[in-house]
Structure formats: structure tokens, C-alpha cells
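Report on the structure given below.
Residue numbers (this note's numbering): 1091 to 1241.
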């Protein structure tokens, strides 16, 4: 373990939940501005299948921070951004498949495009870069006790 579990969970929850809420907020603002609330409702955020994503993203990002070695902030943002996007695609595909969609992979990529346009993905990348500076590192890299050479 290279960071404390509390720090890893706090980091993952901030990245996953805040970026997800930013995406929902931007979608709600766009829906209100362009078409009223029409077919978008606040129950979209409370749908159990929609809540699958932030839960899975939190668990995966926390596990990544616990299991991977400490690295520069830019690498954390790149790796965790890729993990976040992969979880988004997987959860969107599972949600589409559970709803009976014939092309769940296509729906997953459409969801990813909307996440990009609703600032959910950019928010996740930015939050990841920012919160990675606040991780409590327990052990840095390969700093093990040095054993003097035997002669």
C-alpha cells in the first residue's frame, strides 16, 4: 500500500461524485435552456442503473490509488482519467444492455460523447489532477531500508 485507504477513498469519491454531479448539472442546465425540462427529469439521477457508475468509479479509482505506486500528478490524471472513461463506457454499455438496447456499445460511446460535452470528463480529469496532490503517501516508490553490502 502506498497511500492510506482514507486518502484513496476521499480522492476517488471527490473525482467520481463531483464530476458526475457536474455532468448532471450541465445536462440539466442545457435541457432547461433549450427545451424546458421536457423528457429530462431529476429522476434520471436517481435511477439505480445511473447510480451504478459513480459507485463503480469510486471503487475502481480508490483501488488504483491503493495498488499503484506513487507517481507524478500528471500521470495520475492520465491513468485515472483513462480508468474513469473505461468505467463510464462499461457502465453505460451495461445500462443500455439491461434496457434492451440492440447496440449497447454504440450507446456507451454516445454516452461518453455526451459526458465530454457536458463537461463530466474534463471535470474528472481536472479533479484528478487537483486531488492527486492531496493524497497521503505512506511509502514512496522504492524507498526500502538500505542493507549494507556484505564483504
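Glycine is no exception: its CB is placed at the ideal position from the N, C-alpha and C atoms.
Just so you know, these numbers come straight off a predicted model, no measurement behind them.
Boundaries of the alpha helix (DSSP H) in which residue i is found, first to last residue
i            : result
residue 1138 : 1138 to 1157
residue 1208 : From DSSP, residue 1208 is part of no alpha helix (DSSP H); its letter is neither H nor E.
residue 1179 : 1163 to 1188
residue 1225 : Careful: residue 1225 lies outside any alpha helix (DSSP H) and carries neither H nor E.
residue 1105 : 1095 to 1125
Whole-number beta carbon distance between residue j and residue i, since they are thought to touch under 8 Å
i            : j            : result
residue 1104 : residue 1221 : 5 Å
Distance CB(residue i)-CB(residue j) smaller than 8 Å
i            : j            : result
residue 1182 : residue 1159 : no
residue 1185 : residue 1142 : yes
residue 1165 : residue 1102 : no
residue 1144 : residue 1106 : yes
residue 1153 : residue 1178 : no
Cα-Cα separation between residue i and residue j, rounded to whole angstroms
i            : j            : result
residue 1108 : residue 1218 : 11 Å
residue 1214 : residue 1188 : 26 Å
residue 1174 : residue 1198 : 13 Å
residue 1098 : residue 1191 : 35 Å
residue 1093 : residue 1125 : 46 Å
residue 1235 : residue 1171 : At residue 1235 the pLDDT is 47, less than 50, meaning the model places this residue with poor confidence; the figure from the coordinates comes in the next sentence. Spanning the two alpha carbons is a distance of roughly 33 Å.
residue 1193 : residue 1227 : 43 Å
residue 1091 : residue 1123 : Here residue 1091 scores only 49 on pLDDT, less than 50, and its place in the model should not be relied on; the value that follows carries that caveat. When rounded, the distance between both Cα atoms is 47 Å.
residue 1242 : residue 1140 : The question about residue 1242 has no answer here: the residues shown for the chain are numbered 1091 through 1241.
residue 1120 : residue 1110 : 15 Å
residue 1096 : residue 1195 : 34 Å
residue 1169 : residue 1118 : 29 Å
residue 1167 : residue 1161 : 10 Å
residue 1100 : residue 1150 : 13 Å
residue 1200 : residue 1180 : 12 Å
Residue i at chain C interface by Cβ criterion, 8 Å
i            : result
residue 1146 : Absence of chain C from the displayed structure is noted, only one protein chain being present.
Three or more C-beta pairs closer than 8 Å, one from the stretch 1104 to 1122 and one from the stretch 1207 to 1215: is that the case here?
-> Touching, yes.
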